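J.: Got a structure for you, written out below as structure tokens; questions coming shortly.
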Amino acid sequence: MESSLLYWTITGAVAAVALALTVYNANHWIGDKRYLCEDCKFNNDQDCHKPERPTALDCTAYRAQS
Ligand code: SF4
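For the sequence shown, position 19 matches number 19 in the numbering used here, and the numbering has no gaps at all.
So this is what it looks like as structure tokens:
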């Protein structure tokens, strides 16, 4: 019984650390810039009619602003 409690305590601690690291890394991986459209030169109503705008994460028409 006591070893079972120890097992679940350690398992819970490892899961909590893994979750914290995942959230931390996800925030740093995304960074301040969240969408391609934010610095795309077509990010306006006239130049882009894609439904993904302004929240595209992947776009073959993306062109960086110069
Ligand atoms: S071309 Fe793609 S990346 Fe650029 S604004 Fe349109 S949807 Fe966003």
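All C-beta atoms in this analysis are idealised placements derived from N, C-alpha and C, irrespective of residue type, glycine included.
Just so you know, these numbers come straight off a predicted model, no measurement behind them.
Less than 8 Å between the C-beta atoms of L57 and L36, yes or no?
T.: Residue 57 sits at position 57 when you count from the first residue of the sequence shown. Residue 36 sits at position 36 when you count from the first residue of the sequence shown. Yes, Cβ-Cβ distance for L57 and L36 is below 8 Å.
J.: Note down the Cα distance separating I10 from F42, rounded to an integer number of angstroms.
T.: Taking the sequence shown and counting its residues from 1, the one referred to as residue 10 is at position 10. Taking the sequence shown and counting its residues from 1, the one referred to as residue 42 is at position 42. Whole-angstrom Cα-Cα distance: 51 Å.
J.: I need the straight-line Cα distance from Y24 to V17, nearest angstrom please.
T.: In the sequence shown, counting from the first residue as 1, residue 24 sits at position 24. In the sequence shown, counting from the first residue as 1, residue 17 sits at position 17. Distance between the alpha carbons of Y24 and V17 is about 10 Å.
J.: Are there any heavy atoms of ligand 1 lying less than 7 Å away from the beta-carbon of L57, as far as the coordinates show?
T.: The residue you call residue 57 lines up with position 57 of the sequence shown. No, Cβ of L57 sits at least 7 Å from all heavy atoms of ligand 1.
J.: Alpha carbons only, please: which of S3, S66, E2 and G12 is nearest the one belonging to E38?
T.: Within the sequence shown, numbered from 1, the residue matching residue 38 stands at position 38. Considering only alpha carbons, the answer is S66.
J.: Below 8 Å on the Cβ atoms is my guess for K50 versus A61; work out the distance and round it to an integer in Å.
T.: Taking the first residue of the sequence shown as position 1, residue 50 is located at position 50. Taking the first residue of the sequence shown as position 1, residue 61 is located at position 61. With 8 Å as the limit, K50 and A61 qualify as a contact, their Cβ atoms being about 7 Å apart.
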